[in-house]
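In the numbering used here, the protein residues as written are 115 to 393. We put the beta carbon where it would ideally sit given N, CA and C, even for glycine. Heads up, the thing below is written out as structure tokens.
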Ligand SMILES: Cc1cc2nc3c(=O)[nH]c(=O)nc-3n(C[C@H](O)[C@H](O)[C@H](O)COP(=O)(O)OP(=O)(O)OC[C@H]3O[C@@H](n4cnc5c(N)ncnc54)[C@H](O)[C@@H]3O)c2cc1C
């Protein structure tokens, strides 16, 4: 099938920004918004819904944030105590002219099982005003094509911040959202985004991923339809296979990203989502 979509890559200045938590808010049962501030946000730019910052968290064993060093152009763990703990987060909103200077919101999923929560989610659950956080990036933005006639957005909780960025960008373009969430109360997260041109379907319960797959298979996907899918990597593989291999859609029309993986800490999202089909 031919490709009618062209994405544009825009690079940004890369620097580490030392920020401070200004406030926190539970915006849905498992979503904690962390508002960060600091003069280092000067010049921050995020142009695309798939953008992410690398956030560096304190290592509890040393009680401070450890950042990597660059040796021969490669980033690596510094010598000395403590470990670099870094995870990827979507810039939910940036306000260059906030009340007390520039502000950046990141929305963190709080893991259901606090005992096995990762360092990023645990940090977000306990963050207090004044706590430090260091971020790097976005290094670049992959700006979506302009001529999207219709979009299908498939996401779990971790990709809902990205979905809000898509909705802002798409305006009154027709959107179908298929959202798989552990907590049936999560739809409140998108309550401010309802519009006649948008249909949001929510799936929770054990078989939610199968129901998303069934709902996707029932949708007509025209040449002008862009499909974004992000969330738990394993659950996206069959959806991506259906879109790319069964329907034969070009890769520019199917924007698929594993944001995390069951049982794996700190998933490398640059690795192919489906190792058996890296294209
Ligand atoms: C481009 C990009 C943008 C992202 N944007 C966001 C965002 O805006 N908000 C957000 O919350 N996440 C986002 N993520 C996902 C986030 O980076 C991962 O969920 C990350 O693994 C969380 O780190 P952690 O320290 O909490 O858990 P880790 O230490 O990485 O993992 C510990 C355990 O928790 C599990 N786990 C990890 N994430 C989740 C989850 N979401 N739900 C349930 N179990 C999980 C792992 O499988 C592992 O067993 C994004 C990822 C990418 C690649």
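field: Which of helix, strand or coil DSSP assigns to residue 185
entry: Looking at residue 185 - three-state DSSP - the assignment turns out to be strand.
query: How is residue 347 classed by DSSP in three states: helix, strand or coil?
result: If DSSP states are grouped into helix, strand and coil, residue 347 belongs with the helices.
message: Starting from residue 277, trace the alpha helix (DSSP H) in both directions and tell me its first and last residue.
response: Where residue 277 is concerned, the enclosing alpha helix (DSSP H) stretches over 274-284.
- prompt: My guess is that residue 133 and residue 161 are in contact by the Cβ rule of under 8 Å, so how many angstroms apart are they, rounded?
  reply: Contact between residue 133 and residue 161 is absent: CB atoms are separated by about 20 Å, not below the 8 Å threshold.
query: What is the C-beta distance between residue 290 and residue 333, in whole angstroms, given that I count them as a contact (C-beta under 8 Å)?
result: Between residue 333 and residue 290 the Cβ distance is about 6 Å, and since that is below 8 Å, they are a contact.
message: Rounded to whole angstroms, what is the Cα-Cα separation between residue 314 and residue 308?
response: Answer to the nearest angstrom: the Cα atoms are 8 Å apart.
- prompt: Which whole-angstrom value is the C-beta distance of residue 171 and residue 234, which I expect to be below 8 Å?
  reply: That belief holds up - the Cβ atoms of residue 171 and residue 234 are roughly 6 Å apart, short of 8 Å.
query: Using the beta-carbon count (16 or more within 10 Å), is residue 140 buried or exposed?
result: Result: exposed.
query: If we ignore side chains and look at the alpha-carbon of each, how far apart do residue 248 and residue 129 end up?
result: Residue 248 and residue 129 have their C-alpha atoms some 10 Å from each other.
message: Here's the rule: buried if 16 or more other CB atoms are within 10 angstroms of the residue's CB, otherwise exposed. What is residue 280?
response: Residue 280 is buried by the Cβ-count criterion.
task: Measure how close the beta-carbons of residue 300 and residue 143 come, nearest whole angstrom, since I'm counting them as under 8 Å.
output: About 7 Å separates the two Cβ atoms, so the contact holds.
message: I want to know whether the stretch 236-256 touches the stretch 311-331 - three or more CB-CB distances under 8 Å.
response: Flag = no, the stretch 236-256 and the stretch 311-331 do not touch.
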